[in-house]
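The sequence shown runs 280 to 526 under the numbering used here. Glycine is no exception: its CB is placed at the ideal position from the N, C-alpha and C atoms.
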Amino acid sequence: MVIKIKVLVLAAGYATRLYPLTENTPKPLLKVGEKTIINHILTKLETIKDIKEAYVVTNDKFYSIFAEWSKTAKFPFKLKILNDGTTSNEDRLGAVGDIHFVIEQEKIRDDLLVIAGDNLFGFSLADFIDFFKEKKSSVVAFHDLKDKDKVKGKYGVGILEGSRVVDFEEKPLAPKSSLASTACYFFKKSDLSHIHNLLKAGKADAPGNLIKYLAENSEVHAFVFDEHWFDVGSFESLEEAQKVYGK
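Here it is in structure tokens:
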């Protein structure tokens, strides 16, 4: 099954929790091991022939830095850097807002693979795409932490029937599963209109709102993996990632 895939890397955050490290350097361009975080992500896409174009959405503060980086970034697909126009943590669009911004600006009408630019994971994106093709629906990657206490109050949590996501909780204090949502999504092109609907409802920041909305209004399946995963949002998680990728 051949499909047309567009890729979007979300890189418009300001990473204030990692100051001063990220005060003048965008988090996705921090080095972990031998490569930057974003290079680790994009390298995983190199063998997937269905991908012809990838977008990186950033903000006005970091746009010139990403533009400079892209001049030497060599990948088998076209790479385009987009500026969402925000200038601070206070006026940021949020994950859903940035996805919508890119869809509208680039007139995207294809299936869309979305990955947060601070996510490091061990699973194969080729397997993730095969799962999408098999289910013929939007899919989300979940890391099974095997312990509900480990997701409590910290991650978005998926509730499944088989592989289908039937509910989604944003950082619950009494989670119903140990499945932590990672910021890796594959949206079926027919579901892109739901992003516009969610924005109209005023829920632009947490991508978990979008997963819950899709679970209620369309169909979304869970790709569950056990390989490593680092959501690089703190010095602690960055240090843990360095231990693995430094090898």
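Can you list, in chain order, the residues of its chain with a C-beta nearer than 6 Å to that of residue i? Leave out the 5 residues immediately preceding and following it.
{"i": "I320", "result": "I394"}
{"i": "S456", "result": "V436 and I438"}
For residue i, count neighbouring Cβ atoms within 10 angstroms of its own Cβ and tell me buried if that reaches 16, exposed if not.
{"i": "V445", "result": "exposed"}
{"i": "H475", "result": "exposed"}
{"i": "D510", "result": "buried"}
{"i": "L493", "result": "buried"}
{"i": "T295", "result": "exposed"}
{"i": "Y298", "result": "exposed"}
{"i": "L300", "result": "exposed"}
{"i": "N303", "result": "exposed"}
{"i": "N398", "result": "buried"}
{"i": "K467", "result": "buried"}
{"i": "V523", "result": "exposed"}
{"i": "K310", "result": "exposed"}
Can you check which of these residues, the options, is closest to residue i by C-alpha distance?
{"i": "T315", "options": "D428, K283, T351 and E332", "result": "T351"}
{"i": "T326", "options": "N362, I344 and S403", "result": "S403"}
{"i": "A453", "options": "K323, L478, R443 and K427", "result": "K427"}
{"i": "S367", "options": "K340, F356 and F345", "result": "K340"}
{"i": "I408", "options": "H473, K323, V311 and V336", "result": "K323"}
{"i": "L372", "options": "L358, S349, A405 and V336", "result": "V336"}
{"i": "I387", "options": "V286, I490 and A520", "result": "V286"}
{"i": "D329", "options": "P355, G312, L308 and N318", "result": "P355"}
{"i": "K359", "options": "D370, F345 and E413", "result": "F345"}
{"i": "G441", "options": "A405, V499 and Y464", "result": "V499"}
{"i": "S528", "options": "L458, L489 and A459", "result": "Limits of the chain in this structure are 280 at one end and 526 at the other, which puts residue 528 out of reach."}
{"i": "Y293", "options": "T365, E347 and K357", "result": "T365"}
{"i": "D390", "options": "K429, I284, A333 and A480", "result": "I284"}
{"i": "K412", "options": "L517, F502 and H507", "result": "F502"}
{"i": "W348", "options": "S497, N338 and L308", "result": "L308"}
{"i": "K353", "options": "I317, E385 and A520", "result": "I317"}
{"i": "K415", "options": "E495, S516, R443 and K431", "result": "R443"}
{"i": "D370", "options": "L392, P486 and A291", "result": "A291"}
{"i": "G487", "options": "E385, S516 and V419", "result": "V419"}
Leaving out five residues before and five after residue i in sequence, what residues of the same chain have Cβ atoms less than 7 Å from its Cβ?
{"i": "K526", "result": "none"}
{"i": "L478", "result": "V375, G376 and H379"}
So residue i and residue j are supposed to be a Cβ contact under 8 Å. How far apart are they, rounded?
{"i": "G396", "j": "K306", "result": "7 Å"}
{"i": "F422", "j": "F504", "result": "The sequence shown places His at residue 422, rather than the Phe named in the question. Yes, H422 and F504 are in contact; Cβ-Cβ is about 6 Å, under 8 Å."}
{"i": "F465", "j": "S417", "result": "6 Å"}
{"i": "L424", "j": "A459", "result": "5 Å"}
{"i": "V288", "j": "A333", "result": "7 Å"}
{"i": "K450", "j": "K433", "result": "6 Å"}
Identify, in the order they occur along the chain, each residue of the same chain with its Cβ nearer than 8 Å to the Cβ of residue i, setting aside the five sequence neighbours on each side.
{"i": "Y342", "result": "I360 and N362"}
{"i": "G401", "result": "F504, E506, H507 and W508"}
Exercise. Scan the segment 450 to 480 and note each continuous alpha helix (DSSP H) run of 4 residues or more that stays entirely inside, going in chain order.
Key: Runs of the alpha helix (DSSP H) inside the segment 450 to 480: 471 to 479.
Quiz prompt | Length-filtered (3 minimum) beta strand (DSSP E) runs lying within the segment 326 to 410 | solution = At a cut-off of 3 residues, the continuous stretches assigned as beta strand (DSSP E) that sit fully inside the segment 326 to 410 are 330 to 337, 357 to 362, 390 to 395 and 398 to 400.
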